[in-house]
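Q:
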Amino acid sequence: MNSINADLHCHSVVSDGTLTPEALAQRAYQNGVELWSLTDHDVLGGQQRAKVAAEQLGMKYLGGVEISVSWMGQTIHIVGVGIDPENLMLIEGLRKTRDGRSARGQEMASQLELVGIAGAYEGALRFAGNHELLSRTHFARFLVEKNICKSTDDVFKHYLIEGKPGYVGHIWATLQESVEWIKAAGGAAVIAHPGRYRFTELQKDELYKAFLAAGGLGIEVITGSHSPHQYEEYAKIAKKYDFYASRGSDFHDSSESYIDLGHLPLLPSHLKPIWSLF
Ligand code: AMP
Ligand code: MN
Ligand code: MN
Ligand code: MN
């Protein structure tokens, strides 16, 4: 079961990716993915299209989402795997979570204007496939288009992050809410790319315990955001806290993402795959 090429984390134009759900399904299939999930940020608009496209190709599909969460003053992401996209509690929770992205975008643009970058709101919006889901990624693409930065990676070093121009703090869902909505929709909650968070060891321990207490089940071990060293580090964490383990590229775009769909190493054989629950 661990040897299945499962990719349970990626983004389409419905959030901040650049491919349609259909094109992503095609790409995943061509790259050998056997079990796939589209996990757009805070939105389920691509789920039906992704499922239909996957199943037409003969690829297994699990409903997915990546929820923005505020915890201890930082933003973390909780992925829901195997969710029912028709679930009303999840739909309403995500709608609430998305609210405020436009106002935040306006504020980001005002800040950028102060450092001499005009028209960022309209500019970012042109990159957004879904105007309800205006993301920092869309602002990053605008800054690259304007030759202010050479890549979106570069943008996230000099802009849009805490302490840099264009960063606007935001309160997202709570950890408990995110897990509750995912569970209500029949899914399993997974901590996304844990290696990216800047918490102390003590805070991380608290996060894992609070997540388990809320009914969370899994953690991403093999993700496009982790280095090979972090695969080992989070495999140990999965063992220590008895988490199910997940694997996902976090693919957004062929020129921005280092890791393509389905190309990551397989899940280590001693871990319990999150997909064994479905
Ligand atoms: P938002 O939900 O609007 O705050 O945007 C978050 C998105 O920005 C993430 O899902 C990533 O796609 C992108 N992002 C955030 N931080 C980075 C980073 N350091 N490098 C590259 N992309 C990032
Ligand atoms: Mn993203
Ligand atoms: Mn994420
Ligand atoms: Mn993601």
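Going by my numbering, the sequence shown opens with residue 569, and the numbers climb by one from there. All residues carry an ideal CB built from backbone N, CA and C; glycine is no exception. These numbers come from a predicted model, not from an experiment.
I'd like the ranges of any alpha helix (DSSP H) spanning at least 4 consecutive residues and lying wholly in the region 701 to 760.
A: Fully enclosed alpha helix (DSSP H) runs of 4 or longer: 704 to 713, 720 to 726 and 743 to 752.
Q: In chain order, what residues of the same chain have a beta carbon less than 6 Å from the beta carbon of TYR776, not counting five sequence neighbours either side?
A: Only TYR809 meet the Cβ criterion.
Q: Could you tell me the distance, in whole angstroms, from the CA atom of GLY648 to the CA atom of THR607?
A: Looking at the two C-alpha atoms, the distance is approximately 8 Å.
Q: Just the C-alpha distance for TYR802 and ILE572, rounded to the nearest angstrom, thanks.
A: Whole-angstrom Cα-Cα distance: 19 Å.
Q: What does the Cβ neighbour count give for ASP721, buried or exposed, with the cut at 16 atoms within 10 Å?
A: With fewer than 16 other Cβ atoms within 10 Å, it is exposed.
Q: In or out: SER746 buried (at least 16 other Cβ within 10 Å) or exposed?
A: Buried, because 16 or more other Cβ atoms sit within 10 Å of the Cβ of SER746.
Q: Do you know whose CA, among ASP828, LEU656 and TYR812, lies nearest GLY754's CA?
A: Out of ASP828, LEU656 and TYR812, LEU656 has the C-alpha closest to the C-alpha of GLY754.
Q: Can you find a heavy atom of ligand 2 that lies under 7 Å from the Cβ of SER703?
A: Yes, Cβ of SER703 sits closer than 7 Å to a heavy atom of ligand 2.
Q: Going by DSSP, what residues sit across from ASP575 in a beta bridge?
A: For ASP575, which the question treats as bridged, DSSP gives the partners TRP604.
Q: Determine the closest residue to GLU690 out of LEU682, VAL683 and HIS699, with distance taken between C-alpha atoms.
A: Residue HIS699 is the option with its Cα nearest to GLU690.
Q: The beta strand (DSSP E) with THR643 in it runs from where to where?
A: That run of the beta strand (DSSP E) goes 642 to 649.
Q: Specify, as a first and last residue, the run of the alpha helix (DSSP H) that ILE827 falls within.
A: Element bounds for ILE827: n/a, residue is neither H nor E.
Q: May I ask you to check if the CB of SER670 is nearer than 7 Å to at least one heavy atom of ligand 1?
A: Not so, every heavy atom of ligand 1 lies at least 7 Å from the Cβ.
Q: Alpha carbons only, please: which of ASP575, LEU587, ALA621 and ASP584 is nearest the one belonging to GLY600?
A: The shortest Cα separation from GLY600 among ASP575, LEU587, ALA621 and ASP584 belongs to ASP575.
Q: Answer yes or no: do ALA550 and GLY661 have a C-beta to C-beta separation smaller than 8 Å?
A: Nothing can be reported for residue 550: it is not among the residues displayed for the chain, which extend from 569 to 846.
Q: Starting from the C-beta of LYS619, find all residues in its chain whose C-beta is less than 6 Å away, skip the five residues before and the five after it, and write them out in chain order.
A: Contacts found: TYR629.
Q: Which residues end up in the neighbourhood of ligand 3 when you take C-beta atoms closer than 7 Å to any of its heavy atoms?
A: Output, sorted by chain position: GLU634, HIS645, ALA760, HIS761 and ASP818.
Q: What's the C-alpha gap between HIS609 and VAL789?
A: Roughly 19 Å between the two C-alpha positions.
Q: Since THR588 is in the alpha helix (DSSP H), which residue starts that stretch and which ends it?
A: That residue, THR588, is in no alpha helix (DSSP H); it is neither H nor E in DSSP.
Q: For HIS645, count neighbouring C-beta atoms within 10 Å of its own C-beta (all shown protein chains included) and say buried if the count is 16 or more, exposed if not.
A: Buried, because 16 or more other Cβ atoms sit within 10 Å of the Cβ of HIS645.
Q: Please name the residue in GLY613, ALA621, VAL611 and GLU800 whose C-alpha comes closest to that of LEU603.
A: Comparing Cα positions, the closest option is ALA621.
Q: In chain order, what residues of the same chain have a beta carbon less than 6 Å from the beta carbon of TYR735, not counting five sequence neighbours either side?
A: Within the same chain, TYR735 has close Cβ partners LEU728 and ILE729.
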